[in-house]
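Residue numbers (the numbering used here): 354 to 593. Working notes, beginning with the structure itself.
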Amino acid sequence: MIFFRDQRITPREQVAFTRRFGEIDFNIFGERWSVPGAPEIVVVSNITEDGRPLGIRRAGENWHSDMCYTARPPRGTMLYAQEIPTLHGLPLGDTEFASAATAWDALPDAMQQHLEGRMAVFDFRGRKRALTPTQDEIDRNPPVRHPIVRTHPKTGRKCLYVMRDDCTGIEGVDDEEAEGLISALADHIVKPAFIYRHQWRVGDLLLWDNCTVQHRAIQDYDMPQRRLMHRTTMGGTMPM
Ligand code: OGA
Ligand code: MN
């Protein structure tokens, strides 16, 4: 992940910048929560105004990689910080990132050999979601399979691609063993040595690679503390 402080850009400029990394990938909730006049940008926010939520609340509270339950998850995601909650000047609402590449490198040979070549099942219905998905959204997202060990399409680096909730099984492994393996690997990826925690400032433009890192939002604030992010996603390829 990389970030730039003190950016002042319009929604149009964010869309144009995102396009430099690939076609914009519309989020499944995008149509419901986009920025007026910029359907490519999704609002992530805890704010309600006149009883109406401004955007998706509590996005990404658990460790995940964006839209891993789709056949072609976005290559990357970008967040542009509009409002950051604070408590007497202390910024809240950090985002944590864990390197799934470093986590892979740190696995013992025996585990690497056990995992290489295996496919996991990812199911949209596995996650406890902030917004209850509609039947239509469920129908549009049938379970998919991805390799547990992804090879980054540009760098060739191997990355673990396993998370709780979304990842519901491993092909050729019985359910009980798969559950144990998924938990152990999901825990391994988020060990302190592999983590960077981002403390936001208004004007931060931050982007991450959904193959190399997992992330989660820290929910340590609530209204009247306001958090508002503009989010775009970049189209990806099938994980290999
Ligand atoms: C996301 C996400 C985390 C955050 O937008 O995909 O997980 O801290 N956001 O808002
Ligand atoms: Mn996310």
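For every residue, glycine included, the Cβ atom is placed at its ideal position computed from N, Cα and C. Since we're looking at a predicted model, the values are computed, not measured.
Please state whether DSSP places residue i in a helix, a strand or coil.
i    : result
I501 : coil
T455 : helix
H441 : coil
V368 : helix
Q595 : This structure gives no information on residue 595, because the portion of the chain shown stretches from 354 to 593.
G404 : coil
G429 : strand
A412 : coil
M472 : strand
G522 : strand
F356 : strand
T379 : Correcting the residue type first, residue 379 is Phe in the shown sequence and not Thr. F379: coil per DSSP, three-state reduction.
A391 : strand
R584 : strand
Are residue i and residue j touching if we call contact CB-CB under 7 Å?
i    : j    : result
L445 : D540 : no
G556 : R425 : no
R503 : P592 : yes
F374 : H568 : no
T371 : A570 : no
L581 : Q435 : yes
V396 : G413 : no
F357 : Y422 : no
For residue i, count the other beta carbons within 10 Å of its own beta carbon; 16 or more makes it buried, fewer makes it exposed. Which is it?
i    : result
M431 : buried
F477 : buried
I491 : exposed
To the nearest angstrom, how far is it from the Cα of residue i to the Cα of residue j?
i    : j    : result
R405 : M587 : 28 Å
D378 : P461 : 36 Å
L443 : Q360 : 21 Å
V566 : G390 : 31 Å
I501 : D403 : 44 Å
E393 : S387 : 7 Å
M464 : H583 : 39 Å
When you compare the CB of residue i with every CB in chain D, is at least one pair closer than 7 Å?
i    : result
V515 : Note that chain D does not occur in the displayed structure, where there is just one protein chain.
Going residue by residue through the segment 525-573, where are the continuous beta strand (DSSP E) segments of at least 3 residues, counting only ones entirely within it? 548-551, 558-562 and 566-570
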